[in-house]
Amino acid sequence: MDKLNIICVDDQREVLSAVLHDLDPLTAWLNIEDCESADEVLSLMDELDAEGEFIAVLISDHVMPGKTGVELLTEVSKDRRFMLTKKVLLTGQATHTDTIQAINTAGINQYFEKPWQADLLVESITRLATEYIFDAGLDYQQYHQYLDQQVVLERLR
1 MDKLNIICVD DQREVLSAVL HDLDPLTAWL NIEDCESADE VLSLMDELDA EGEFIAVLIS
61 DHVMPGKTGV ELLTEVSKDR RFMLTKKVLL TGQATHTDTI QAINTAGINQ YFEKPWQADL
121 LVESITRLAT EYIFDAGLDY QQYHQYLDQQ VVLERLR
């Protein structure tokens with residue numbers, strides 16, 4: 001099975017722990033990594049890419065020291081290696097302008113306000129990871145039991 005990674009970044013450890021807890025049901029088929037800064041994410045992404053691993057989804061907080069989530073997601077969206085990586089902004093402090101910028105420049109696929117609903121987060125990440133598998137041309141059959149079946153049906157038509 002190809003190794004698929006989800007990366008979560010938030011500078012607040014308790015928030016990051018809550019996200020990881022909520023995404024725990026996905027660990028049967030996805031490797032979930034956590035980071036506490038944008039720079040840590042970028043280093044991890046370089047490392048995973050060098051090892052030939054796939055980064056299916058990047059979930060980022062917005063307000064962080066150094067780079068904001070929108071700046072991070074914009075930078076990732078411009079890196080040809082990660083053009084297919086799905087991007088999620090998870091924040092309670094983004095302004096309307098930040099959200100528009102995230103959509104227009106970072107190409108985010110999903111936006112969640114804190115506090116989020118765990119079941120909706122899991123559904124969304126499952127859908128995005130399923131889309132990534134098809135976009136990247138990976139063999140979906142090895143993950144079939146875990147995938148968003150609606151996406152599978154749409155992509156196989």
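Quick note: the sequence shown uses my numbering, first residue 1, plus one each step. Glycine included, C-beta positions come from ideal geometry on N, C-alpha and C. The structure displayed is predicted, hence computed values, not measured ones.
List the DSSP bridge partners of residue i.
i, result
"Val57", "Ile6, Lys86"
Please state the DSSP three-state secondary structure of residue i.
i, result
"Thr105", "helix"
"Thr158", "An answer regarding residue 158 cannot be provided, because it is not within the stretch 1 to 157 covered by the chain."
"Glu36", "coil"
"Glu113", "strand"
Kindly indicate which residue of the options has the alpha-carbon position closest to the one of residue i.
i, options, result
"Gly66", "Asp135, His144, Asp11, Glu154", "Asp11"
"Arg127", "Pro115, Glu113, Asn109, Phe82", "Asn109"
"Val41", "Gln101, Gly69, Gln117, Lys114", "Gly69"
State buried or exposed for residue i, treating a residue as buried only when at least 16 other CB atoms are found within 10 Å of its CB.
i, result
"Ala50", "exposed"
"Met83", "exposed"
When you compare the CB positions of residue i and residue j, do they come within less than 8 Å of one another, or not?
i, j, result
"Leu16", "Ile32", "no"
"Val63", "Thr99", "no"
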